[in-house]
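Student: Chain order of the listed sequences is A and B.
With the first sequence counted from 1, adding 43 to any position gets you the working numbering.
With the second sequence counted from 1, adding 315 to any position gets you the working numbering.
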Amino acid sequence: MFENLITTLTFCPLVAALACYFLRGERLRSALVIVTGIVLILSAVLLIGSAPVSMTPALFTSVKFKTFIQSADFLLLGLILYFGIKFKNRIIIGLSLLQVIILGYFEFFMTAGTHEAPVGIFCDHLSLIMVLIISIAGSLIVLYALPYMKNHEKHLKLKKSRQPRFFALLFLFIGAMNAMVLVNDMMLFYFFFEITTLCSFLLIGHDKTEESKRNSLTALWINSLGGATLLIGIVLIYTQLHTLDIQSIISQVQGKDILLIPLALLCIAGFTKAAQMPFQKWLLGAMVAPTPTSALLHSSTMVKAGVYLLIRFAPAFAGTSLSTLVAVCGAFTFLSAAALAIGQSNGKKVLAYSTISNLGLIIACVGINTHASLTAAIILLIFHAVSKALLFLCMGSIEQHIGSRDIEDMRGLFGEMPITALVITLGILTMILPPFGMLIGKWMAIESASGNLLVILMLALGSALTVVYWARWAGILMGSDFSGKSTPEKMPLFSKIPLFTLLSSAILLGFLTPIIYSSMILPDFSGLVAAPFSIHNGIIFNNQGSFAVYPLFFIAIVVFLFALFLSRPKKAAQQVSPYMSGIQGKQPGSFVGPMNKVTTYTQSNYYLSAFFGEEKLSNLVNMTAGILILILIGVSF
Amino acid sequence: MTLFLYAIIGVILAPFAGVLVVGLDRILTAKFQSRIGPPLLQPLYDICKLWGKKPMIAHRFQPLCVYIYLAAAMVSVGMFFAQSDLLLIFFVQAVGAIFFVIGALLVPSPFSQAGGNRELIQILTYEPLIILVLAGIYLYTGSFKIDAIYALDKPLLINLPLLFIVFGYALTIKLKKSPFDISASHHAHQELVRGVLTEYSGKMLALIEMAHLYETILILGLCSLFWTTSIWGMALLLVITYLLEIIIDNICARMSFRWMLKSVWTTGIVLSAINLIWLYSGARI
């Protein structure tokens, strides 16, 4: 059963990718996407019963498979090299050549193809959570992409549809991600890590504009840097421990303060994938891609690969100075990306910075490296994936509808597209308000970070900044002229299903946090003296504090329904237009000024560019982050 | 169960206590300005008067925001009396603060928009300070729960003096007292009209006033945690702190939000860091 599920989760998307590429009918593609999505979601859910499992499928032991992966590895690097040469990018050429040389040396000289095959598949609850996120959020996003891409191409007026390529890449990516979080062999992990890099590059460049080409190359070189550090890390670990088995590596290193250099390299690989400062540039550039790409790769799923790598190896460097530095780097990214988000009025950029910032928070939790903080990290990982996927999809709909990404253009969106406006507002609120899941994670994060001065300082500041950029955005979406009645916008069914599924999961899963914790997070911690949190009547608590999840949800629901009832439109209430210190103009947004002249006015949010503008902060942030990375490497020696 | 009872009693009594505090505040302020000032119960009369006004609404979702604001303020006060987790109490009151701002941003009015944005800057300024104060309390007591503070045998103030000053900054900003009455001043004749409050009227404004009473009590409650070992000590601390607030309010002019953000963050962070380092080093008096 388990083996079949694993096979489905990894090969089914691959088959779907091939089918999407070669069968070009639109109806056929829709059917394919729906069927694959259902199969993936079902298999991921069925997998819940199986974890934790470690096993080696028969396939993995065959010589042919090994040779196949080896050649595929080289093929992949060759492809990246080809793109480097084609676009004349020296960094990419250099990095891919470096990887080819190291990989060649490793495979043909160091191990000469004889190294003992590690246990092939390791699926604990962390892998399971990742598989669930990838398969469920991934399928929903691909579904959403059906109407989106149709619209997108209509807008671009393409002669020949490039959708087959697009969907093939999305599915290839989902398969690679599923495989990556399940394998227990470092070399296989590296292989799938590189596939996600390539997918990301191809998808960012999908629209073939100058900008997208440039940004895709940035993504490729930064992620190749991550690939190179990962590979060097693997080779260094192998020279010491003579194994590629992830679990065996962790158990051999745990608590010993050894092999910090290769572990630091793995952390840096994770940082590049998770777009941590100073590697954030590629993620910001990635926003030129069609929105489903941003939703799937660059917010909810691929960037989590980096975080996954760090969480996976967290026990290996627990209690070391490397771990502390990881926490500081993460907290710094959390703070600086939040500050940069304040200065942005471009909605997609705000989402991108917020993604970077939240990943930083997760990484800070990993670095604090207690059971409580790792719990926080996983909870944040789950809820960030759900809420952020939702926000990106809303952003996509809005952009296609109003033709702008600017937050200021979304004023009074409720008048034009009430459903989307409502969904995105609720989505934003799930990011910042208790009792929703993100806040439970943040609460755990702050409580467990209080033991580290630098980290708590940065988390406190970052947390406040986060509230500002979200609240500012949520505030203006629901506004509209009082007089203007809004009729619900028409939305394709395949846009509605993902939006509403994601929104309800963001809310419902928050409610289920105590259960998620006790059934999916707690079992992964081995050798516990005391559980990081206990659960009683839906209250998560420990000696340090308590978060009453069920009571707060109950209060929130009662308050919301009651408030909704009390604030229902009443006939008696007089509708008034805004106070203008004088006579209102006949047109909305105007007043009668001096000399009886009708004067129009506009309004705008504060973006505080004098404090938080990109041009003010970017250099400083990059420099500081670069120094932190150097310190991180330094303390590992 | 007793805790739940405390919470209910707290929520019922808090607005009355709030009326007395704000009433005294207004009388004292009047005295400082050589006026006679209103009667003690004027805040209550104000609310009653506002309640009777004809409802006028500038945006259909505004009442929803106001009700949630009030509810969040009530819940956070209830949680305070139930001796819950301090960080969680703070997060819950933040719900109210955010809905208050969203309510102001809903209306396309330049005054309430500017006020809403400035209110956000005020939140931005005080929120990190409060989190740092709470982190300091955690470092000293080993817990974020209020009951751990009541279990102490020495006032928190002795070991957290600088954090108390930091808390004072946060308190002044949260209460919108001068020089931090940036998002809405007490008098509606300035460049902002009434800022974030401009578009609220009648019943909605009455509800906001009530939420404000709850917030005042919550803040004073948090302030009281710095001296829990003696009831007289607690009373003294509260009276002195609030008196200082009133004096500062009266002798300061409104400042700009840029000044606030810069000066408060610098002072607040430096003071917090010093006090936190003392606590990390294990120094205890």
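All C-beta atoms, glycine included, are put in the ideal place defined by N, C-alpha and C.
Using the Cβ count rule (16 or more neighbours within 10 Å means buried), how would you classify B:Asp468?
Tutor: Exposed, since its Cβ has fewer than 16 Cβ neighbours within 10 Å.
Student: At what residues does the beta strand (DSSP E) containing A:Thr643 begin and finish?
Tutor: Taken as a continuous stretch (DSSP letters only), the beta strand (DSSP E) holding A:Thr643 covers 641–643.
Student: Out of curiosity, what's the CA-to-CA distance linking A:Phe605 and A:Lys613?
Tutor: For A:Phe605 and A:Lys613, the distance between alpha carbons rounds to 15 Å.
Student: Buried or exposed: A:Pro305, going by 16 or more other Cβ atoms within 10 Å of its Cβ?
Tutor: With 16 or more other Cβ atoms within 10 Å, it is buried.
Student: So, under 8 Å CB-CB, A:Met192 and A:Phe209 are touching, yes? Tell me the CB distance rounded to an integer number of Å.
Tutor: Going by Cβ atoms, the distance from A:Met192 to A:Phe209 rounds to 6 Å, so yes, they are a contact pair.
Student: If you measure between the beta carbons of A:Leu331 and A:Asn258, is that distance less than 8 Å?
Tutor: In the sequence as presented, Leu is not what sits at residue 331 of chain A; that position holds Val. Against a cut-off of 8 Å, the Cβ pair of A:Asn258 and A:Val331 comes out as a contact.
Student: Please state whether DSSP places A:His444 in a helix, a strand or coil.
Tutor: Three-state DSSP puts A:His444 in a helix.
Student: Alpha carbon to alpha carbon, what distance is there between B:Lys491 and A:Trp513?
Tutor: Computed Cα separation, rounded: 22 Å.
Student: Report the rounded CA-to-CA distance for B:Leu594 versus B:Met394, giving the unit in angstroms.
Tutor: If I take the Cα positions, the gap works out to 27 Å.
Student: If you compare alpha carbons, which of A:Ile441, A:Pro477, A:Asn648, A:Leu120 is closest to A:Ala271?
Tutor: The candidate whose alpha carbon is nearest that of A:Ala271 is A:Leu120.
Student: Could you name the residues of the same chain whose beta carbon sits closer than 7 Å to that of A:Leu122, not counting the 5 residues immediately before and after it, in chain order?
Tutor: For A:Leu122, where only same-chain residues beyond five positions count, the Cβ hits under 7 Å are Leu241.
Student: With a cut-off of 8 Å, do at least 3 Cβ pairs link the region 443–451 of chain B to the region 500–508 of chain A?
Tutor: Yes: at least three Cβ pairs fall under 8 Å.
Student: Check for me: the beta strand (DSSP E) holding A:His579 runs from which residue to which?
Tutor: Note, A:His579: beta strand (DSSP E), 577–579.
Student: CA-CA distance, A:Asn213 and B:Leu520?
Tutor: Residue identity check: residue 213 of chain A is Leu in the sequence provided, not Asn. When rounded, the distance between both Cα atoms is 51 Å.
Student: By the criterion of Cβ-Cβ separation under 8 Å, what are the contact partners of A:Ile499 in chain B?
Tutor: By Cβ distance, chain B contributes Ile446, Leu447, Ala450, Leu591.
Student: Anything in chain B within Cβ reach of A:Lys613, meaning under 8 Å, just list it in chain order.
Tutor: Those are Pro370, listed as they occur along chain B.
Student: Helix, strand or coil for B:Ser498 per DSSP?
Tutor: In this structure, B:Ser498 counts as coil in the three-state DSSP scheme.
Student: Counting only Cβ-Cβ distances shorter than 8 Å, please list the residues of the region 594–610 of chain A near chain B, keeping chain order.
Tutor: From the region 594–610 of chain A, only Leu595, Ile598, Val602, Phe603, Phe605, Ala606, Leu607, Leu609, Ser610 have a Cβ closer than 8 Å to chain B.
Student: Alpha carbons only, please: which of A:Ser610, A:Ala573, A:Val619 is nearest the one belonging to A:Asn586?
Tutor: Checking every option, the nearest Cα to that of A:Asn586 belongs to A:Ala573.
Student: Enumerated in chain order, which unbroken segments of the alpha helix (DSSP H) with a length of 4 residues or greater are wholly contained in the region 437–519 of chain A?
Tutor: Qualifying alpha helix (DSSP H) stretches, in chain order: 456–459, 461–475, 480–492.
Student: Let's test the definition: count the other Cβ atoms within 10 Å of the Cβ of A:Ile550 and tell me whether it reaches 16, buried, or not, exposed.
Tutor: The residue is buried, with at least 16 neighbouring Cβ atoms inside 10 Å.
Student: I need the straight-line Cα distance from B:Met316 to B:Leu328, nearest angstrom please.
Tutor: So the two alpha carbons sit approximately 18 Å from each other.
Student: In terms of alpha-carbon separation, which member of A:Ala653, A:Ser633, A:Gly656, A:Met638 lies closest to A:Thr645?
Tutor: Ranking A:Ala653, A:Ser633, A:Gly656, A:Met638 by Cα distance to A:Thr645 puts A:Ser633 first.
Student: Of all the CB atoms in chain B, is at least one closer than 8 Å to the CB of A:Ala573?
Tutor: Not closer than 8 Å to any Cβ of chain B, the Cβ of A:Ala573 fails to qualify, so no.
Student: Give me the chain B residues within the contact set of A:Ile489, using Cβ-Cβ distance strictly less than 7 Å, ordered along the chain.
Tutor: Those within 7 Å of A:Ile489 in chain B are Leu402, Ile446.
Student: Where does A:Ile81 land, buried or exposed, given buried means 16+ other C-beta within 10 angstroms?
Tutor: Exposed: under 16 other Cβ atoms inside 10 Å.
Student: Which residue's Cα is closest to the Cα of A:Lys629: A:Gln617, A:Pro637, A:Thr642, A:Met638?
Tutor: Among A:Gln617, A:Pro637, A:Thr642, A:Met638, the Cα nearest to that of A:Lys629 belongs to A:Thr642.
Student: In chain B, which residues lie with their C-beta within 8 Å of the C-beta of A:Ile550?
Tutor: The contacting residues do not exist; A:Ile550 stays about 15 Å from chain B at best.
Student: Going along the chain, which residues of its own chain have a beta-carbon closer than 6 Å to the beta-carbon of B:Ala601, five neighbours each way excluded?
Tutor: Any answer about residue 601 of chain B is impossible in this case: the structure gives chain B only from 316 up to 600.
Student: Just mark A:Phe152 as buried or exposed, buried being the case when its beta carbon has 16 or more other beta carbons within 10 Å.
Tutor: So A:Phe152 ends up on the exposed side.
Student: With burial defined as no fewer than 16 other Cβ atoms inside 10 Å of the residue's Cβ, what is the status of A:Met230: buried or exposed?
Tutor: Result: buried.
Student: Express the C-alpha separation of A:Ile184 and A:Ala464 in angstroms, rounding to a whole number.
Tutor: Between A:Ala464 and A:Ile184, the C-alpha separation is close to 19 Å.
Student: Could you work out which residue in A:Asn132, A:Phe435, A:Leu71, A:Val226 is closest to A:Ile112 when comparing CA atoms only?
Tutor: Taking only the C-alpha atoms, the option nearest A:Ile112 is A:Val226.
Student: What residue range is occupied by the uninterrupted alpha helix (DSSP H) comprising A:Met98?
Tutor: Segment 96–98 is the beta strand (DSSP E) holding A:Met98; no alpha helix (DSSP H) there.
Student: I believe A:Asp228 touches A:Gly163 by the beta-carbon criterion, under 8 Å. Please report the beta-carbon distance rounded to the nearest angstrom.
Tutor: Confirmed, Cβ separation roughly 6 Å.
Student: Please decide whether B:His527 counts as near chain A, where near means a Cβ-Cβ distance under 8 Å.
Tutor: No, its Cβ sits nowhere closer than 8 Å to a Cβ of chain A.
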